[in-house]
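See structure below.
Number of protein chains: 2
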Amino acid sequence: MLTIGQLAAYSGVTTRAVRHYHQIGLLPEPERDASGYRTYAAPDVVVLIRIRTLAEAGVPLARVQELLAADDEGFAGAVAEIDRRLRGEIKQLQEHRRRIAQLAAGDSLALPASVTDYLDRMRALGAPDLMVEMERDAWILIAAQFPDQIEEFMVEKQAYLDDPLMRRLLRSMGDLLAGDDESEALLAQTADVLAEMAEQAAASGELDRQDDALPDSTFVDLLDTVVQAAGPRMVRLRDRLQELMVERGWSGIIKLERVDPPGGRGVNSA
Amino acid sequence: MLTIGQLAAYSGVTTRAVRHYHQIGLLPEPERDASGYRTYAAPDVVVLIRIRTLAEAGVPLARVQELLAADDEGFAGAVAEIDRRLRGEIKQLQEHRRRIAQLAAGDSLALPASVTDYLDRMRALGAPDLMVEMERDAWILIAAQFPDQIEEFMVEKQAYLDDPLMRRLLRSMGDLLAGDDESEALLAQTADVLAEMAEQAAASGELDRQDDALPDSTFVDLLDTVVQAAGPRMVRLRDRLQELMVERGWSGIIKLERVDPPGGRGVNSA
DNA sequence: GCTTGACCTTGACGCAGCGTCAACCCCGCA
DNA sequence: TGCGGGGTTGACGCTGCGTCAAGGTCAAGC
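Protein chains in written order, with our numbering: chain A, 155 to 424; chain B, 155 to 424.
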């Protein structure tokens, strides 16, 4: 007669494992001796070695019983299925390796290379850090929402960076954010550039495509909160620019729409 | 402002996952609105997308925080370590596949091919099923205990099967087990064969090697319980044969030892 | 204003396969 | 008889959530 420790030693498992197998009903509870110890004999060792053999081959405990009782045919079928599962798990882990290698290769977290290229170029053209970070967060959201279209978007955006108007805008924004406070003249100048870009976008028909790309108004709201997250100063700046844009006949910043300017035309009505 | 469901949808995870991340402190708990709902904004979506990106690449949640905060160098190091882990898991699964393929290829559970070959040959030579099953279980125990020596043992055992004495023993055992009851004549005949084999083993020095191979007397006891598991009839048979063997100057069956026979010599003293 | 259905809340169990205490009992030896 | 090294049951921990359970809330249609 064997104690649980001896059984475990002969079978090459731990005592904890044996008790676990009892608990899940894989191994029947044996007789107890006078003091409550479980008592085992050779057949238990044999069964336990079989269980261990299967478990070490990756068979889930829940299926071990079935396999122990299976005939040759059933056994072969079950084994084939378990092998399929193992292959699937291996493929998944290999996919994990691929992804993590990509991350290590410099993909900013959650952004494809095309977007990080774009952001790098913005920075190189003098865009202030705060603005680049806002762009980055916005593009993380967009890339998650429209993963299939992100590459087209980037082609378009890269083309924009060649436009002298965009260069001027980036410089203006840089100037605006450089000091602690912003001058009205600088704000007006920035708004002028923005308005001019809006006209150009309207002329090229881009505004219509924008409506297709961003049909979801709540998503636009979400993008808007990126600005809020950038801090109160950025919000104030955005609000001021929006006011100035309305005077120039445009509402919205993320999603532009033509509006009637209040009061006169281009006149400072504040 | 977003609810947890909207946050989850934008980030591509489940609400349950978001709450889980709160629970483990991976994502800070946000403000609540008047009715106790969690309220989120864009930065939460951004962080959550980053978390998902890492998690989908196989980074354990416990390390995600660290990776989000890491600089390029630390990030690369951590990624390398995670890749090592993934490689290890893949290797383990491949090992599982190898083993399960072996099992499917016909290895009886927990026994190498050499032993199943031996058992098959025993059966072919007319050994009764009950005896072969006892042998099988005994060899499962031995193979688990002495995995490195099992092949040598089998070479020796296979040689035995060529011995005419062993053939006679198998036939005798078959005859003994064939009926419901066993005749004294058959028992005596079987004991004679056993005694002759013992003499032969002693002459070839095999008994000494047996002492080296089975130093553990408790292991011999364990092997003995294999007989008990085969049923009361087998136990009775074994006991009777042992008595007869003692008369012929041998004790034990699994581990033979020379003894003084009681009373006369080869005379039926029962 | 009331119902309905979708969404929110906290809390808790479940999964695989045990590892690892904790608190207590039992056995053999000096 | 005391001690040290076993044994026993019970329960929590780990990973990453899924899935009830039992409500409270919100928006919309009647």
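Where is the CB? At the ideal position from N, CA and C, for every residue including glycine.
Asked                                                                                                                      : Found
4-residue-minimum alpha helix (DSSP H) runs that sit fully inside the segment 295-357 of chain A, ordered along the chain  : 304-315, 318-332 and 338-357
A/P266 at chain B interface by Cβ criterion, 9 Å                                                                           : no
Closest by C-alpha distance to A/A163, when choosing among B/R204, B/F307, B/Q299 and B/L208                               : B/Q299
C-beta neighbour in chain B for A/F300, strict 9 Å                                                                         : no
Local Cβ density within 10 Å of B/D362, reported as buried at 16 or more and exposed below that                            : exposed
Alpha helix (DSSP H) runs contained entirely in the segment 162-204 of chain B, provided each spans 4 or more residues     : 169-177
Cutoff 9 Å: A/A216 Cβ touching any chain B Cβ                                                                              : no
Neighbour flag for A/A223 against chain B, beta carbons, 9 Å                                                               : no
Nearest-angstrom Cα separation, counted from B/G328 out to B/R290                                                          : 17 Å
Distance CB(A/I296)-CB(B/R204) smaller than 9 Å                                                                            : no
Within 9 Å, strictly: CB atoms of A/L315 and A/R275                                                                        : yes
Per DSSP, cross-strand counterpart(s) of A/R412                                                                            : A/W404
Cα-Cα separation between B/P197 and A/P386, rounded to whole angstroms                                                     : 15 Å
Closer than 9 Å at the beta carbon, the chain B residues around A/E185                                                     : Here the premise fails: no neighbours, minimum Cβ distance about 13 Å.
Inter-stretch contact at 8 Å, needing at least 3 Cβ pairs: the segment 180-190 of chain A / the segment 277-291 of chain B : no
Pairwise C-alpha distance: A/E338 and B/L181                                                                               : 40 Å
Counterpart residues of A/L156 in DSSP-defined beta bridges                                                                : A/Y194
C-alpha distance - B/L161 paired with B/E185, whole-angstrom precision                                                     : 14 Å
Contacting positions in the segment 281-299 of chain A - beta carbon closer than 9 Å to chain B                            : R290, D291, A292, I294, L295, A297, A298 and Q299
Any chain A beta carbon closer than 9 Å to B/S371                                                                          : no
B/I178 burial status per 10 Å Cβ neighbour count (16 or more: buried)                                                      : exposed
Classification of A/A171 by the beta-carbon crowding that lies within 10 angstroms, buried from 16 upward                  : buried
Chain B contact for A/L208 (CB, 9 Å cutoff)                                                                                : yes
Neighbourhood of A/A352 by C-beta, 6 Å cutoff - its chain only, sequence neighbours within 5 removed                       : W404 and L410
Which listed residue (B/E360, B/D237 and B/V400) has its alpha carbon closest to that of A/L247                            : B/D237
Reduced DSSP secondary structure (H/G/I, E/B, other) of B/L215                                                             : helix
Complete runs of the alpha helix (DSSP H) confined to the segment 202-277 of chain B [at least 4 residues]                 : 215-223 and 226-258
Any chain A beta carbon closer than 9 Å to B/F229                                                                          : yes
Proximity test, Cβ basis, 9 Å: A/V421 and chain B                                                                          : For A/V421, the predicted model reports a pLDDT of 43, less than 50, meaning its position is unreliable; a value from the coordinates is still stated below. Chain B contact via Cβ: absent.
Cβ of A/G166 within 9 Å of any chain B Cβ                                                                                  : yes
Same chain only: Cβ atoms within 7 Å of A/V400, ignoring 5 sequence neighbours per side                                    : V413, P415 and P416
C-beta neighbour in chain A for B/E243, strict 9 Å                                                                         : yes
Contacts that B/I254 makes with chain A (C-beta to C-beta distance below 9 Å)                                              : L208, A211, G212, V213, V233, I236, D237 and L240
Amino acids of chain B, ordered along the chain, whose beta-carbon sits closer than 7 Å to that of A/H489                  : There is simply no residue 489 of chain A to check, as chain A begins at 155 and stops at 424 in what is shown.
Interface partners of A/R277 on chain B, CB under 7 Å                                                                      : The premise fails here: A/R277 is roughly 16 Å from chain B at the closest Cβ pair, so nothing lies under 7 Å.
Cβ of A/P386 within 9 Å of any chain B Cβ                                                                                  : no
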